[in-house]
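Using numbering that gives the first Met the number 0, the letters of the sequence shown map in sequence onto residues 0 to 191.
Where is the CB? At the ideal position from N, CA and C, for every residue including glycine.
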Amino acid sequence: MSLFKWSTPERRAEDRDLRIIPNEIYLAIFEHIAPPSGRLSPEDLGTLTNLSLVCRFFGNLCLPRIFEYLELSGSVFGDHNPLPHRNDATSRGMTLCSQIAAKEPLALSLAQCVKVCHFRDWRLGTESSWVVQAFSRVCVAGIARMKNIRELKFFGSFVNKGHWDVIHDTGGAAGAGFCRLQFFGRSCGFGT
Numbered sequence: 000m001s002l003f004k005w006s007t008p009e010r011r012a013e014d015r016d017l018r019i020i021p022n023e024i025y026l027a028i029f030e031h032i033a034p035p036s037g038r039l040s041p042e043d044l045g046t047l048t049n050l051s052l053v054c055r056f057f058g059n060l061c062l063p064r065i066f067e068y069l070e071l072s073g074s075v076f077g078d079h080n081p082l083p084h085r086n087d088a089t090s091r092g093m094t095l096c097s098q099i100a101a102k103e104p105l106a107l108s109l110a111q112c113v114k115v116c117h118f119r120d121w122r123l124g125t126e127s128s129w130v131v132q133a134f135s136r137v138c139v140a141g142i143a144r145m146k147n148i149r150e151l152k153f154f155g156s157f158v159n160k161g162h163w164d165v166i167h168d169t170g171g172a173a174g175a176g177f178c179r180l181q182f183f184g185r186s187c188g189f190g191t
């Protein structure tokens with residue numbers, strides 16, 4: 000999948016052209032940096048993020064791997080502070096979902112790269128519940144555009160009709176998982 004127009008990187012030394020490195024060599028290097036199976040470590044994510052900024056070719060190789068696994072965490076909302084305290088993974092996921100909601104072309108392309116999405120620690124019943132619900136709606140809208148999700152799991156979160164609709168619409172019911180849920184809203188059929 001090509002996220003945007005790119006070409007093989009040109010190589011120059013001062014005023015002369017150097018031989019082009021075959022794309023297969025770049026691919027082997029990237030596989031060594033971040034093996035294609037399993038979740039990336041924070042260090043691998045940082046390395047691939049930096050490499051994605053080098054040129055469009057590197058971005059096209061790195062970004063699908065960077066956004067293959069997405070964790071959307073509501074634990075960034077403190078009980079007494081409605082503003083989110085973000086870590087890198089949460090910031091990446093929230094930013095992607097916000098950009099998907101704004102229909103930004105690159106974000107819509109990246110949405111197709113997401114294979115695993117975990118919705119973690121979105122709890123109601125705190126002073127900041129209204130903020131949690133607002134951010135949750137943005138995340139759910141983003142997940143709705145992620146048509147290649149193989150695994151969608153909810154951990155320690157509230158679930159409402161919007162969540163169920165996304166699970167159904169993405170075909171994620173087969174790969175859906177649930178743990179410690181708080182059902183919310185009459186429209187789910189679970190009471191209030």
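Backbone CA spacing between residue i and residue j [nearest angstrom]
i: Lys-160; j: Ile-19; result: 53 Å
i: Leu-69; j: Leu-107; result: 14 Å
i: His-117; j: Arg-10; result: 40 Å
i: Lys-114; j: Leu-60; result: 16 Å
i: Ser-40; j: Asn-147; result: 22 Å
i: Ser-97; j: Thr-48; result: 19 Å
i: Leu-95; j: Ala-110; result: 8 Å
i: Asp-168; j: Tyr-25; result: 37 Å
i: Phe-134; j: Ser-72; result: 10 Å
i: Glu-42; j: Ile-65; result: 12 Å
Identified DSSP bridge partners for residue i
i: Asp-16; result: Arg-11
i: Leu-69; result: Cys-116
Residue range of the unbroken alpha helix (DSSP H) whose run includes residue i
i: Cys-138; result: 128-143
i: Asn-147; result: From DSSP, Asn-147 is part of no alpha helix (DSSP H); its letter is neither H nor E.
i: Ala-101; result: Note, Ala-101: premise wrong, no alpha helix (DSSP H); not H, not E.
Which listed residue (the options) has its alpha carbon closest to that of residue i
i: Glu-150; options: Cys-112, Ser-128, Leu-62, Leu-50; result: Cys-112
i: Met-208; options: Ala-27, Leu-39, Val-158, Gly-92; result: No statement about residue 208 is possible, as the shown extent of the chain runs from 0 to 191 and does not include it.
i: Lys-102; options: Glu-13, Cys-54, Ala-27, Ala-140; result: Ala-140
i: Ala-33; options: Ile-142, Leu-50, Trp-163, Glu-13; result: Leu-50
Residue i CB to nearest heavy atom of the ligand SAM below 7 Å
i: Trp-129; result: For the structure depicted, the ligand SAM is absent and the ligand set is empty, with no information on it obtainable.
Complete alpha helix (DSSP H) runs within the region 17-55 (minimum length 4 residues, chain order): Runs of the alpha helix (DSSP H) inside the region 17-55: 22-32, 41-51.
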